[in-house]
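Working notes for the structure below.
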Amino acid sequence: MIRDITIGQFFPGDSVIHRLDPRVKIIATLLFIIELFIVDNFLGFAIAALCLGVVINVSKVPLGYIVRGLKPIIIILLFTFTLNMFMIDGHVIWKWGFLELTEEGLRTAVFMAVRLILLIIGSSMLTLCTRPLSLTDGIERLLSPFKKIGVPAHEIAMMMTIALRFIPTLLEETDKIMKAQQARGADFETGNLIHRAKSLIPILVPLFVSAFRIAQDLAMAMEARCYRGGENRTRMNEMKLKKRDYTALVLLTMFLAVIITESKLF
Amino acid sequence: MDNIITIENLIFEYNKGDESHPVRAIDNLNLQVERGSFTAIIGKNGSGKSTLAKNLNGLLLPTEGVIHVDGYDTRDDDNIWNIRQTAGMVFQNPDNQLVSAIVEDDVAFGPENLGIDPAEIRRRVDKALKDVNMGQFKKKAPHLLSGGQKQRIAIAGVVAMKPKCIIFDEPTAMLDPKGRAEIMSIIDELHAEGITVILITHFMDEAVRADRVIIMHEGRILLDGTPQKVFEQEELIRSVNLDVPLMVEMGAKLRKAGIDIPQSIITEEEMVEYICQYE
Ligand SMILES: Nc1ncnc2c1ncn2[C@@H]1O[C@H](COP(=O)(O)OP(=O)(O)OP(=O)(O)O)[C@@H](O)[C@H]1O
Ligand SMILES: [Mg+2]
Chain A
3 MIRDITIGQF FPGDSVIHRL DPRVKIIATL LFIIELFIVD NFLGFAIAAL CLGVVINVSK
63 VPLGYIVRGL KPIIIILLFT FTLNMFMIDG HVIWKWGFLE LTEEGLRTAV FMAVRLILLI
123 IGSSMLTLCT RPLSLTDGIE RLLSPFKKIG VPAHEIAMMM TIALRFIPTL LEETDKIMKA
183 QQARGADFET GNLIHRAKSL IPILVPLFVS AFRIAQDLAM AMEARCYRGG ENRTRMNEMK
243 LKKRDYTALV LLTMFLAVII TESKLF
Chain B
176 MDNIITIENL IFEYNKGDES HPVRAIDNLN LQVERGSFTA IIGKNGSGKS TLAKNLNGLL
236 LPTEGVIHVD GYDTRDDDNI WNIRQTAGMV FQNPDNQLVS AIVEDDVAFG PENLGIDPAE
296 IRRRVDKALK DVNMGQFKKK APHLLSGGQK QRIAIAGVVA MKPKCIIFDE PTAMLDPKGR
356 AEIMSIIDEL HAEGITVILI THFMDEAVRA DRVIIMHEGR ILLDGTPQKV FEQEELIRSV
416 NLDVPLMVEM GAKLRKAGID IPQSIITEEE MVEYICQYE
């Protein structure tokens, strides 16, 4: 049951999107998010949605799979939608008690909802089409110019790498501990909230103990393999921008230009 | 004699928080390890085997005494990376020594730390994975592999650093019999290729494969010699609560029963061969 949790889901594939340099994809995603906040009219959103649609289509990730990722945020979506609808002053089009639905409110609510949906889908495309480890490498490389001002680029990337490596191990461990406790009659499913929270203690304590043991062992193994931080370290997989990456960057710039012109014009 | 490791009067003490009551894990130990040899170290829990291993590549530094690895003094900070590259180490728990979520990236970890050229790292990684018969798993995630396979990846990670000596600290303790057999045959191959092997183990049938067996007891060396010479001392070995290899035990029983089995017989093959000549 616990293994069904997927973190930073990756959808294996071999599309052009999958093969793009992770740095390009990270920058594209960041720009896309910024653009979503520049845009504030219908046409702008339509262009953004269309471009995202093209990317999804090229990536061959099934739309249903992507939409399912929206499930956890439906409540947040509904909440912001309702709040926006009634809280903004303007031309009243419907009134019920103290609730006033305004034209501006409705407009903001719809735009905010569309913005959030595009934002979630856009950023999940990044994780769906990029191997977690390439993502880490990409982040390290993008952050490395900021090392001079004290950003620990290598350390952040190494932490993420280790987390990715040990999440499955710790989930297995949790599963094992839960089974062991259940075999001794522990009950995690019934009772009130406090009771259930209490029943987690016998899981968390051994889990922490084993996490510390793993950390100690791993640190020693890394030292034995000459790990000494990011300095003078080389990488087996060098990141080099290929033709498709340059094409993607050109397309990205064009998209940016269109969005900016469009929001200036209308 | 050309020694890759020399240990002179090594004393190692752990300070468990308070300086006044240190735990002496190694007590005045002297040892030379010949280049290209295969040494097995056995001893019961807490006899100081792992402590000794960690002293050999500078993970721990001597409280007193001197250790030279391939001519480098382990106490000298400037040599530490040379020493760790020269003497690689494989640990007991296969889960807790792999760093990356992709097999080939994990094997590349050591060479990357050494600052080796990317094309050369790629060559070494492919070769190391082939050496441990894990070539087809190079894109897999370690948590999907068996214990024995994970341990083979850990060995590949060390081999890719081109060490002259590899110290194995109970590499098979957490494996099933099949995994153990695979790891042992890889260790034999590495030894055949000229790498100095130091194998710490609890399994006597693994120790008899070595050129030299050392039995540790309370931080000191109790016995040291060829497997034949060491396992002849059956009573002494039993007196420190250790077992002897099954064939040594069987030989002793057969001798008591009046069948003249030479004391030099310690492996199954030798026993089978000897008994079959009675036909
Ligand atoms: N980190 C530590 N802090 C304090 N004492 C330690 C530490 N590690 C080991 N010791 C002590 O040092 C002694 C030798 O331990 P060591 O781990 O070297 O034994 P070992 O022969 O490897 O045992 P095992 O067969 O269980 O692996 C033991 O008495 C142990 O309790
Ligand atoms: Mg040990």
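In order, the protein sequences belong to chains A and B.
For reference, each letter of the first sequence is one residue, going 3 to 268 in the numbering used here.
For reference, each letter of the second sequence is one residue, going 176 to 454 in the numbering used here.
Note that CB positions come from ideal geometry on N, CA and C, so glycine has one too.
heavy atom of ligand 2 below 6 Å from residue i C-beta
i, result
"B/K315", "no"
"B/K224", "yes"
Residue nearest to residue i in terms of C-alpha spacing, selected from the options
i, options, result
"A/E233", "B/N184, B/L374, B/L289 and B/I179", "B/L289"
"A/E225", "B/L227, B/N184 and B/V274", "B/V274"
"A/M160", "A/L22, A/T171, A/K181 and A/S136", "A/S136"
"A/F13", "A/C53, A/I123 and A/V63", "A/V63"
"B/P286", "B/A303, B/L319, B/D251 and B/I441", "B/A303"
"B/S222", "B/E239, B/E188 and B/T249", "B/E188"
"B/D344", "B/I440, B/F266 and B/N205", "B/F266"
"B/D248", "B/I182, B/I330 and B/I342", "B/I182"
"A/G124", "A/V57, A/I76 and A/V94", "A/V57"
"A/L101", "A/I90, A/A111, A/M162 and A/R109", "A/I90"
"B/A215", "B/D280, B/V405, B/I450 and B/R250", "B/V405"
"B/G394", "B/I186, B/T238 and B/Y449", "B/I186"
"A/V252", "A/V26, A/G15 and A/Q11", "A/V26"
"A/M256", "A/A50, A/R235 and A/N43", "A/A50"
"B/D351", "B/G323, B/M359, B/A367 and B/E364", "B/G323"
Within-7 Å CB hit, residue i to chain A
i, result
"B/P269", "no"
"B/F312", "no"
"B/L230", "For the record, residue 230 of chain B in the displayed sequence is Asn; it is not Leu. It does not; no Cβ of chain A falls within 7 Å."
"B/M264", "yes"
"B/E287", "yes"
"B/P293", "yes"
"B/I458", "No answer is possible for residue 458 of chain B: the residues shown for chain B start at 176 and end at 454."
"B/F284", "yes"
"B/G323", "no"
"B/G290", "yes"
"B/R297", "yes"
"B/R259", "yes"
"B/Q326", "no"
Assigned secondary structure, residue i (DSSP; H/G/I helix, E/B strand, else coil)
i, result
"B/H377", "coil"
"B/Y453", "coil"
"B/I291", "coil"
"A/L22", "coil"
"B/L273", "coil"
"B/A367", "helix"
"A/K1", "No answer is possible for residue 1 of chain A: it lies beyond the span of chain A, which begins at 3 and ends at 268."
"B/E194", "coil"
"B/M264", "strand"
"A/M241", "coil"
"A/R186", "coil"
"A/C131", "helix"
"B/F343", "strand"
Neighbour-count burial assignment, residue i, 16 or more Cβ in a 10 Å radius
i, result
"B/F213", "buried"
"B/M309", "buried"
"B/N184", "exposed"
"B/Q260", "buried"
"B/P317", "buried"
"B/K191", "exposed"
"B/N271", "buried"
"A/G193", "exposed"
"A/H20", "buried"
"A/D23", "buried"
"B/C451", "exposed"
"B/S360", "exposed"
CB contact check: residue i to chain B, cutoff 7 Å
i, result
"A/M238", "yes"
"A/T171", "yes"
"A/C131", "no"
"A/C53", "no"
"A/D177", "no"
"A/R21", "no"
"A/L135", "yes"
"A/N194", "no"
"A/R25", "no"
Contact test: residue i Cβ vs ligand 1 heavy atom, cutoff 6 Å
i, result
"B/G192", "no"
"B/N271", "no"
"B/V198", "yes"
"B/Y247", "no"
"B/G233", "no"
"B/Y453", "no"
"B/Y189", "yes"
Where residue i meets chain C, residues with beta-carbon distance less than 9 Å
i, result
"B/L204", "No chain C is part of this structure, whose protein chains are labelled A and B."
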